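Chains A and B are the protein sequences, given in the same order. Per the numbering used here, residue 1 is the first one in the first sequence, and the count goes up by one each step. Per the numbering used here, residue 1001 is the first one in the second sequence, and the count goes up by one each step. Ideal Cβ placement from N, Cα and C applies to all residues, glycine included. Being a predicted model, the structure only gives us computed values, none of them experimental. In what follows, a single structure is set out as structure tokens and then discussed.
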Amino acid sequence: MAALFYILAAISVISALTVVGARNPVNSVIALVVCFLSIAGHYVLLNAQFLAMVHVIVYTGAIMVLFLFVIMLLNLNKPGGPRKSLAMRLAAAVAGGLLFLTLAAAVRQGVAITPAAGFDPGVGLVRHVGQVLFTEFLLPFEVSSVLFLSAIVGVVMLAKKDKDEAPDPHITGPERARRTA
Amino acid sequence: MEPISTPHDYLPVLVQAAIAVGFVGFALSAAAFLGPRLHGRKKEESFECGIEQQGDARRPFSVKYLLIAILFVLFDVEVIFLYPWAVNFKALGAVGFVEMVVFVGFVLAGLYYVLRKGVMRIE
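Next up, the structure:
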């Protein structure tokens, strides 16, 4: 099990570095998919199986499709991207170095993390998540559906603003006149 | 109470992933070793169909396609909630069914809005 963890961790770190370092943005996305899959493997090792499944379906499946679409929309014909100025690179190095220093100091302090409750290996299973979600957290679950509705409406409102779009055949009369005005 | 599943139950997934990656690696390296190498302007064109290629495939396209991708993400997240519900369907009973009907009702209202707005129509 420990060996599996180290293999997965190595894949995660290497693919994450590839995401940052790849010249071609599409290669970055593919590396990000590998990274996400290895993180899903970590979830399985932690017995958080619902989370692993969500990670594969939503992040690896849907979010990456969105990323590829955005790359297509950005029309990145020139490889490499724009060169950053020296001051920009210096600032990035300083900021990254400070963050690394903070993290290293935090790890060196050795903050003892103690679990609040005893570890229950069944807590992350789909069955248990569902039992809690549909009883104890019913209201947040139902509110999330309203959130989806608002997200759908918001997306359509933001993106569908073409002035030259064909008038909606369902809308007639004064309503159409009001919309086209 | 049935025994809970552990990471060991995912061993078949690991084996299948190893076979899939191994096959792709084998096929690609075998093709590189065994296949002939021919270079040339005609050979390296994107499409060898006898018709001259025009322009570039990478051109800006309508944001409508991105809209469909975003809607896909939203409905994908909705489907995620169906999995724990389906696993617990019998235990939750009629109350759970009503809960899910309310949830899906809201999302279906969004789908109706999308269809009414004509987002899915692409000229």
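Close beta carbons around residue i, own chain, < 8 Å, minus the five adjacent residues each side
i	result
B/G1043	Per the sequence shown, residue 1043 of chain B should be read as Lys rather than Gly. If we look at B/K1043 and ignore the five residues flanking it on each side, it has no Cβ neighbours.
A/L216	Residue 216 of chain A falls outside the range modelled here, since chain A spans only 1 to 181, and no answer is possible.
A/L37	V56, T60
A/M1	L45
A/G124	Y43, L46, N47, A48, Q49, F50, L51
Spatially closest choice to residue i from the options, by CA coordinates
i	options	result
B/V1119	A/K160, A/V146, A/H42, A/A91	A/K160
B/F1061	A/A62, A/L51, A/L73	A/L73
B/I1080	A/A93, A/L99, A/A92, A/L51	A/L51
B/F1075	A/V123, A/V58, A/R23, A/A117	A/V58
B/V1073	A/I71, A/L66, A/V70	A/L66
B/A1094	A/F148, A/A48, A/T135	A/T135
B/P1007	A/L8, A/V54, A/L90, A/L46	A/L46
A/V143	B/F1103, B/D1009, B/P1012, B/L1071	B/F1103
B/M1100	A/L139, A/V54, A/G41	A/L139
A/F119	A/C35, A/Y6, A/A48, A/M53	A/A48
B/L1014	A/V123, A/G41, A/S85, A/N24	A/G41
B/Y1010	A/M53, A/A9, A/A91	A/M53
A/L149	B/L1071, B/F1026, B/N1088, B/D1056	B/L1071
Beta-carbon proximity list for residue i, same chain, < 7 Å, skipping 5 on both sides
i	result
A/M64	V29, L32, V33
B/E1078	V1107
B/E1045	Q1053
A/M88	none
A/A22	S28, A31
A/C35	S12, S15, A16, V19
A/F5	L45
B/I1004	none
Proximal residues to residue i (C-beta, below 6 Å), its chain only, five neighbours per side dropped
i	result
B/M1001	Reliability of the predicted coordinates at B/M1001 is poor, the pLDDT of 47 falling under 50, and the value obtained from them is presented with this limitation in mind. Contacts found: none.
B/A1030	none
A/V19	S28, A31, L32
A/G122	H128
Segment contact flag, the segment 1111-1123 of chain B with the segment 149-157 of chain A, C-beta cutoff 8 Å, min 3 pairs: yes
The segment 117-136 of chain A: which residues have C-beta closer than 7 Å to a C-beta of chain B, in chain order? P121, G122, L125, V126, R127, V129, G130, Q131, L133, F134
Cβ pair count under 8 Å reaching 3, the segment 127-135 of chain A against the segment 1078-1098 of chain B: yes
At a CB distance below 9 Å, what residues from the segment 49-62 of chain A approach chain B? Give them in sequence order. Hits within the stretch, in order: Q49, F50, A52, M53, V54, I57, V58, G61, A62.
Within 7 Å of chain A by C-beta, residues of the segment 1003-1018 of chain B in sequence order: I1004, S1005, T1006, P1007, Y1010
Given a limit of 8 Å on CB to CB distance, which residues of the segment 1027-1046 of chain B reach chain A? none
Pair every Cβ in the segment 94-110 of chain A with every Cβ in the segment 1064-1072 of chain B, then say whether three or more of these pairs are closer than 8 Å. no
Could you name each continuous alpha helix (DSSP H) segment of 4 residues or more that falls completely within the segment 82-122 of chain A, going from the start of the chain to the end? 86-109
For the segment 12-37 of chain A, list every residue whose C-beta sits within 8 Å of some C-beta in chain B, in sequence order. Residues of the segment 12-37 of chain A with a C-beta atom less than 8 Å from some C-beta of chain B do not occur.
Go through the segment 1006-1084 of chain B residue by residue and report every complete run of the alpha helix (DSSP H) that reaches 4 residues or more, in order. If we require 4 residues or more, the alpha helix (DSSP H) runs fully inside the segment 1006-1084 of chain B come out as 1011-1034.
With 8 Å as the C-beta to C-beta threshold (strictly closer), list the residues of the segment 1064-1081 of chain B near chain A in chain order. K1064, Y1065, L1066, L1067, A1069, I1070, L1071, F1072, V1073, L1074, D1076, V1077, E1078, V1079, I1080, F1081
Closer than 7 Å, Cβ to Cβ, to anything on chain A: give me those residues from the segment 1096-1120 of chain B, in chain order. G1096, E1099, V1102, F1103, F1106, V1107, A1109, G1110, Y1113, V1114, R1116, K1117, G1118, V1119
Taking a cut of 7 Å between CB atoms, which residues from the segment 145-162 of chain A lie near chain B? S145, V146, F148, L149, A151, I152, V153, V155, V156, A159, K160
Entirely enclosed alpha helix (DSSP H) segments - the segment 38-77 of chain A, minimum 4 residues: 49-54, 64-74
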